[in-house]
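Protein chains in written order, with my numbering: chain E, 564 to 876; chain V, 35 to 329.
Next up, the structure:
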C-alpha cells in the first residue's frame, strides 16, 4: 500500500511538471487521451472480461460530434464535450444491448461488426466530412474564462479530466457494482444462479466504458483540432486492445503505460520505418498474446506477490 | 419497362447477379472460418489476410514466374495453406489451453504483420490481374450481359463449397473431423492423430481463403488492404449463419451477397452496412444465428 502511494506520488509529480521538462505538450496530451481511452476499455476487458473489438466507434463518434458541435454549431467547449459523450453513451447502450446477448468470442465479433457499421455511417454522413474528416476544430475556452488555445493550459485541463476519470474507474471497480462484475467475470452461470441480472450489469459496464471512451475521443478531437476516419476505424479498436494488453489488463496503471508505449512508438516509428509500423505493432501483439498475457504491470505485480505472498493487495 | 421500387427490373437482376458474385466470396471465406472454428475453436482474424495473400500469390506468380491463372488456382492455395499450417504449428498451438479470445488477438496481430509486409513491398495502391483468355467475353442473359469470368466465379465457388460440404458431412475423414470437434480426447484415444487433423484442417481452411483470393484477383484490385474490411463482413456473415455451421456459412454467404446487391439498387447508401444491420436484427431475434444451436 505504501509502495502504491509512492508510485502514484511520483507519477503525479512527473505529470505535473512534464511540460516543463522539454516534452511537447500536444504529444503528452495525445498520450493522456489514449490512456483515458485504454482505461475505459480496460473497465470492460480487464474487470469484466468482455473483449470489445469496436471501441473506436465510441471514441471516434464522440470526437466527430464534439468537433461538429463546436465548429459548425458554435457550441462551447464543455457543452461540445458533453454532447459527444451523450452520443457515445446512446451508441454504447444500443451496441451493448445487442452484444451482451452473446459471450466471449461472439461478443468480440459482434462489437467488431457493429463498430464497422458506425465506421461506414461516419464515412457517408454529411457532418463528418467524409474522407477529409473535420479540420480546424477550435479548443475554445472554459466557461469563457480560461482560453484553451495555449498548449500548457490545455495540458492541465486534459490532465485534470484524466485524473478524474482514472479515480472514477478505481471507484467503480471497488464499488459493490464492481464486485458484482468481478463475480460475473469469475463465474457467470453462478452469478446468474445467485439472482443477479447479469446482462444488465454487463450492459451497464459497457455503457460506462463507452461513455468514458467517448470522453477520451472528444478531448482528443479538441487537443489535435481534427477528427478523421482513422479515429473510428478497426485499427484504432485494435490499438486500444494492444495498449491495454501490453500494459496489463485488469490492472489500473497498465493501460496508461501501454498507451504511453504505443503512442510513442507510433509517433517516432512512423517517420523512421513507414509501413513497417503495422508489422511492428502486429509483432508486439503476437508476442504479447503468446508469452506476455499479464502485461508490464501484471508481470511486476506477480513478481512482488511472489516475493511477499502475505502482502498482496 | 417493368420496374420495382421505381428501379428498372433489368438493373435489379443485374445487381443481384453481381451480388451473387460477392456472395460467392463470402461463402468461400465464411466456410473456411466455420471449418476452422468448428475444430479449433479459433476465430481466424487473419482470414482476410490469407485471402489477400492468395491474390498476391497469383499476381506475383504471373508477374515474376509466368505462372498462369489455372496453375495459380492450384498453387496459390497450396502455398498460402502451407503458411497457415506453419502459423498453426508455431503460434496458435500454444493457445489452445487459454481462452479463445487470445486466438482472435493473435491472428489479428498476424493479419497486421501480413498487411504491413505486403504494403512495404508493393505499396498501398491496387494491382490489376488480367482475366484469363479462356474466360473473357460475356454471356447474354437477356436482362444483362454477364461477364463470363463472373459466372465462372459463381460456379467455381458453389462447386468448391459443395465439395467441402460433402467431404465433411459424407466421408470417413469428415466423420473423424466432426467427431474430433465433439470430443477431441476420445477421438485421440481411438488412435486418430488429432493434432495432425487440426493442423490439416487449419491449412485447408486457409487454402479456401487463398482460393477465394485467386478467384477475386481479376475482378478486384489486388492490394494489401483488400482483405481487412472484407473479413469483418465475413465475420458478420458467420454470426448470422451461426458459428461452426457449414451449411449456415455457405447459404448465408450467398444470400447476404444477393441482399447487398439488391441494396445497391434500392438504397445505395446502405449497401455497406446492410449486412451489419441484418446481423443486429438476427441477434435480437435468434441469438445463436439462423443455423446455429444454442449451447
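A virtual CB, placed ideally from N, CA and C, is assigned to each residue, including glycine.
None of the values given here were measured: they were computed from a predicted structure.
Bounding residues of the beta strand (DSSP E) (the contiguous stretch that carries residue i)
i                     : result
residue 174 (chain V) : 172-174
residue 43 (chain V)  : Segment 43-74 is the alpha helix (DSSP H) holding residue 43 (chain V); no beta strand (DSSP E) there.
Within chain V, the residues that residue i reaches when beta carbons sit closer than 8 angstroms
i                     : result
residue 666 (chain E) : Near residue 666 (chain E) there are no residues of chain V at all, since even the closest Cβ is about 10 angstroms away, more than 8 angstroms.
residue 684 (chain E) : 307
residue 846 (chain E) : 143 and 147
residue 687 (chain E) : 303 and 306
Cβ neighbours of residue i in the same chain (closer than 6 angstroms, five flanking residues each side left out)
i                     : result
residue 103 (chain V) : 166
residue 765 (chain E) : 663
residue 876 (chain E) : Annotation note: pLDDT 44 at residue 876 (chain E) (below 50); position unreliable, no value reported.
residue 874 (chain E) : The predicted model places residue 874 (chain E) with a pLDDT of 46, which falls under 50 and marks its position as unreliable, so this point remains unresolved.
residue 790 (chain E) : 626, 627, 630, 696, 697 and 784
residue 187 (chain V) : 55, 58 and 249
Boundaries (first-last residue) of the alpha helix (DSSP H) holding residue i
i                     : result
residue 179 (chain V) : Unbroken run through residue 179 (chain V) is the beta strand (DSSP E), 179-181; no alpha helix (DSSP H).
residue 619 (chain E) : 619-634
residue 121 (chain V) : 103-124
residue 567 (chain E) : 565-580
residue 207 (chain V) : 206-216
residue 84 (chain V)  : 81-99
residue 585 (chain E) : Neither: residue 585 (chain E) is in no alpha helix (DSSP H) and is coded neither H nor E.
residue 127 (chain V) : Here residue 127 (chain V) belongs to no alpha helix (DSSP H), and DSSP marks it neither H nor E.
residue 754 (chain E) : 751-756
residue 834 (chain E) : 817-836
residue 714 (chain E) : 714-737
residue 521 (chain E) : A query on residue 521 (chain E) cannot be resolved here, the shown segment of chain E reaching from 564 to 876 and no further.
residue 846 (chain E) : 839-854
Residues bridged to residue i [DSSP beta-bridge criterion]
i                     : result
residue 37 (chain V)  : V:42
residue 705 (chain E) : E:709
residue 697 (chain E) : E:790
residue 765 (chain E) : Per DSSP, none; premise fails for residue 765 (chain E).
residue 256 (chain V) : V:161
8 angstroms contact criterion, which residue i and residue j should meet: CB distance rounded
i                     : j                     : result
residue 141 (chain V) : residue 78 (chain V)  : 5 angstroms
residue 43 (chain V)  : residue 177 (chain V) : 7 angstroms
residue 63 (chain V)  : residue 292 (chain V) : With 8 angstroms as the limit, residue 63 (chain V) and residue 292 (chain V) do not qualify as a contact, their Cβ atoms being about 16 angstroms apart.
residue 278 (chain V) : residue 72 (chain V)  : 4 angstroms
residue 591 (chain E) : residue 719 (chain E) : Contact flag wrong, Cβ pair sits at about 11 angstroms.
residue 85 (chain V)  : residue 261 (chain V) : 4 angstroms
residue 310 (chain V) : residue 676 (chain E) : 5 angstroms
residue 833 (chain E) : residue 146 (chain V) : Not confirmed; about 14 angstroms, so no contact.
residue 621 (chain E) : residue 810 (chain E) : In fact, because the Cβ distance is near 20 angstroms, the residues do not count as touching under 8 angstroms.
residue 803 (chain E) : residue 601 (chain E) : 6 angstroms
residue 240 (chain V) : residue 115 (chain V) : 5 angstroms
residue 744 (chain E) : residue 611 (chain E) : 5 angstroms
residue 693 (chain E) : residue 640 (chain E) : Rounded, the Cβ-Cβ distance is 25 angstroms, inconsistent with contact.
Sequence-distant residues of its chain with Cβ nearer than 7 angstroms to residue i (five each side left out)
i                     : result
residue 628 (chain E) : 646, 647 and 650
residue 75 (chain V)  : 134
residue 796 (chain E) : 619 and 682
residue 578 (chain E) : 722
residue 265 (chain V) : 79, 81 and 82
residue 304 (chain V) : 297
residue 771 (chain E) : 606 and 735
residue 138 (chain V) : 77 and 79
residue 324 (chain V) : 274, 275, 276, 282, 286 and 316
residue 711 (chain E) : 640, 702, 703, 704, 705, 717 and 720
Listed by chain order, chain V residues near residue i by CB distance under 9 angstroms
i                     : result
residue 693 (chain E) : Near residue 693 (chain E) there are no residues of chain V at all, since even the closest Cβ is about 12 angstroms away, more than 9 angstroms.
residue 804 (chain E) : 139 and 142
Residue i: contacting residues in chain V (beta-carbon distance under 7 angstroms)
i                     : result
residue 837 (chain E) : 154
Interface residues of chain E facing residue i [CB-CB closer than 9 angstroms]
i                     : result
residue 136 (chain V) : 852, 853 and 856
residue 73 (chain V)  : What residue 73 (chain V) touches in chain E: nothing, since even the nearest Cβ is about 14 angstroms away.
Proximal residues to residue i (C-beta, below 8 angstroms), its chain only, five neighbours per side dropped
i                     : result
residue 37 (chain V)  : 43
residue 50 (chain V)  : 292, 295 and 296
residue 843 (chain E) : 828, 832 and 836
residue 242 (chain V) : 62, 63, 65, 66, 69, 111, 194 and 198
residue 568 (chain E) : none
Neighbouring residues, chain E, relative to residue i (Cβ below 8 angstroms)
i                     : result
residue 86 (chain V)  : Within chain E, no residue comes near residue 86 (chain V); the closest Cβ sits about 13 angstroms away, beyond 8 angstroms.
residue 266 (chain V) : 675, 676, 679 and 797
residue 318 (chain V) : 661 and 664
Any C-beta of chain A under 8 angstroms from that of residue i
i                     : result
residue 614 (chain E) : Any reference to chain A falls outside this structure, whose protein chains are E and V.
Interface residues of chain E facing residue i [CB-CB closer than 7 angstroms]
i                     : result
residue 128 (chain V) : 853
residue 181 (chain V) : Near residue 181 (chain V) there are no residues of chain E at all, since even the closest Cβ is about 27 angstroms away, more than 7 angstroms.
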